[in-house]
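Residues 0 to 338 (numbering that gives the first Met the number 0) make up the sequence shown, in order. Glycine included, C-beta positions come from ideal geometry on N, C-alpha and C. Note that the structure is predicted; figures quoted are calculated from it, not measured.
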Amino acid sequence: MSCEPDAPARTTRPDPQPGRTGSGRAHAKAILLGEHAVVYGAPAVALPLPGLSCTASVVFSGQPGHGLNGYGQPDPAGGAAGSGAGSQAPLELRHLVESTLERFRPGEVLGVDLVLENSIPVGRGLGSSAACARATVNALGDLLRLGLRATDVFDLVQLAEARTHGRSSGIDALATGSTRPVLLAGGRVSAPRVGAAAWVVVADSGEFGSTGEAVALVREVFRRRPGRQAEFVSRSGTVTARALEALASGRLDIAGRQLTRHHRLLASLGLSTPVLDRLVDGALDRGALGAKLTGGGMGGCVIALAGTPEDANGLAAGLVRQGARGTWIASIAERGRDD
Ligand code: PMV
0 MSCEPDAPAR TTRPDPQPGR TGSGRAHAKA ILLGEHAVVY GAPAVALPLP
50 GLSCTASVVF SGQPGHGLNG YGQPDPAGGA AGSGAGSQAP LELRHLVEST
100 LERFRPGEVL GVDLVLENSI PVGRGLGSSA ACARATVNAL GDLLRLGLRA
150 TDVFDLVQLA EARTHGRSSG IDALATGSTR PVLLAGGRVS APRVGAAAWV
200 VVADSGEFGS TGEAVALVRE VFRRRPGRQA EFVSRSGTVT ARALEALASG
250 RLDIAGRQLT RHHRLLASLG LSTPVLDRLV DGALDRGALG AKLTGGGMGG
300 CVIALAGTPE DANGLAAGLV RQGARGTWIA SIAERGRDD
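The following block contains the structure:
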């Protein structure tokens with residue numbers, strides 16, 4: 000309950016529909032091109048990974064109180080890890096629930112219990128935090144019949160992302176809710192043209208990488224070295240533009256080479272690790288058209304481009320032999336300007 004003198008008085012309403020559950024879902028994403036530079040305005044492309052997802056279920060809380068009262072995140076292995084009172088929920092989720100209620104049900108006392116089932120590995124650059132935020136907002140929208148627009152959901156997910164990572168471009172918030180590849184360029188969202196179907200293997204290094212720390216590291220490099228920001232943003236923009244052109248004309252070999260260039264660019268900022276470098280080199284040795292780290296870096300995953308599903312399967316198996324903790328394959332469907 001707020002004690003601010005001019006805060007509107009809250010009213011407690013009885014549970015409007017006892018037993019009703021709201022549910023929401025969002026999936027993982029992998030950034031194909033442009034991570035970090037996108038925070039400074041350069042274009043970026045992200046791919047949905049629908050096989051990895053977060054589902055949220057919310058109910059009106061049995062306990063008195065406002066906001067997130069109960070929270071649980073069942074352990075996929077069958078334990079009860081992460082379940083407990085609202086105070087044990089990640090802070091950004093508590094804020095997210097409060098912000099959503101504040102915006103759409105101002106002045107009401109509403110307590111909810113949330114359960115998240117998340118198959119997206121955390122700290123691997125696959126958009127786990129954005130997907131959990133999006134699933135939660137969608138579940139609240141469903142429970143309270145808020146009729147949320149896409150922009151409402153995006154704004155709320157961005158609010159949570161800003162708390163988790165500091166400065167956030169919005170590419171994760173968009174891609175975790177899109178069924179198609181997402182191109183974010185100059186503040187506009189579109190789908191990239193694809194002249195030949197392609198397959199992307201995502202391989203988990205097993206190393207935890209904090210996106211917040213990675214974004215802060217890049218900011219510090221730019222602060223210490225004047226001119227470095229403009230140089231990085233310009234190079235990233237060029238690599239991304241060439242890769243998009245190659246992708247549109249079906250030249251996967253050229254697109255792949257740009258991916259590898261992109262890895263070197265990110266590594267030059269200190270975002271790679273020896274394990275990520277080894278996976279990238281291993282993917283190239285095994286015939287990948289290109290490979291790079293994906294997402295925030297300093298751990299997490301690499302992606303490798305393949306021209307056929309067979310090549311992608313072979314690459315995935317090879318990367319597991321090389322120590323990858325898990326692999327997933329995403330396809331990029333052929334797509335013209337008007338599809
Ligand atoms: O590590 P992830 O999945 O959160 O990806 C972050 C992408 C960045 O470009 C590093 C940050 C951003 O907000 O775009």
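Under the three-state DSSP convention, the category residue i falls into
i    : result
L125 : coil
T163 : helix
A213 : helix
G81  : Model confidence at G81 stands at a pLDDT of 46, short of 50, so the residue's coordinates are unreliable; what they give is reported in the following sentence. Three-state DSSP puts G81 in coil, outside helix and strand.
D171 : helix
S267 : coil
Burial state of residue i (16 or more Cβ within 10 Å)
i    : result
R224 : exposed
E34  : buried
A290 : buried
D252 : exposed
Y259 : Here residue 259 turns out to be Thr, not Tyr, going by the sequence shown. When all chains shown are included, T259 counts as buried.
F207 : exposed
Q62  : exposed
T293 : buried
A222 : Note that residue 222 corresponds to Arg in the displayed sequence, not to Ala. Exposed, by the Cβ-count rule.
G226 : exposed
A149 : exposed
According to DSSP, residues forming a beta bridge with residue i
i    : result
T293 : C300
F59  : V111
A242 : In the DSSP output, where bridge partners are listed per residue, A242 has none listed.
P180 : None; P180 has no bridge partner.
R187 : A184
H26  : S52
R334 : V193
Close-in-space but distant-in-sequence residues of the same chain around residue i (CB under 6 angstroms, 5 per side omitted)
i    : result
E97  : G66
L283 : A290
G140 : L147
G325 : D203
A311 : W198, V200, A305 and I328
E91  : A159, R162 and T163
Cβ neighbours of residue i in the same chain (closer than 8 angstroms, five flanking residues each side left out)
i    : result
G281 : G317, L318 and Q321
T175 : A25, H26, A27, K28, P47, G126, A129, A130, R133 and V156
L264 : F231, R234, S235 and V238
First through last residue of the beta strand (DSSP E) which encompasses residue i
i    : result
A274 : The residue asked about is misnamed: residue 274 is Val in this sequence, not Ala. Per DSSP, V274 belongs to no beta strand (DSSP E); it is in the alpha helix (DSSP H), P273 to D284.
L67  : G66 to G71
Start and end residues, alpha helix (DSSP H) containing residue i
i    : result
S248 : S248 -> no alpha helix (DSSP H), and no H or E assigned at all.
G317 : P308 to R320
R102 : L90 to F103
Neighbourhood of residue i by C-beta, 7 angstroms cutoff - its chain only, sequence neighbours within 5 removed
i    : result
N117 : C53, Q72, S127 and C131
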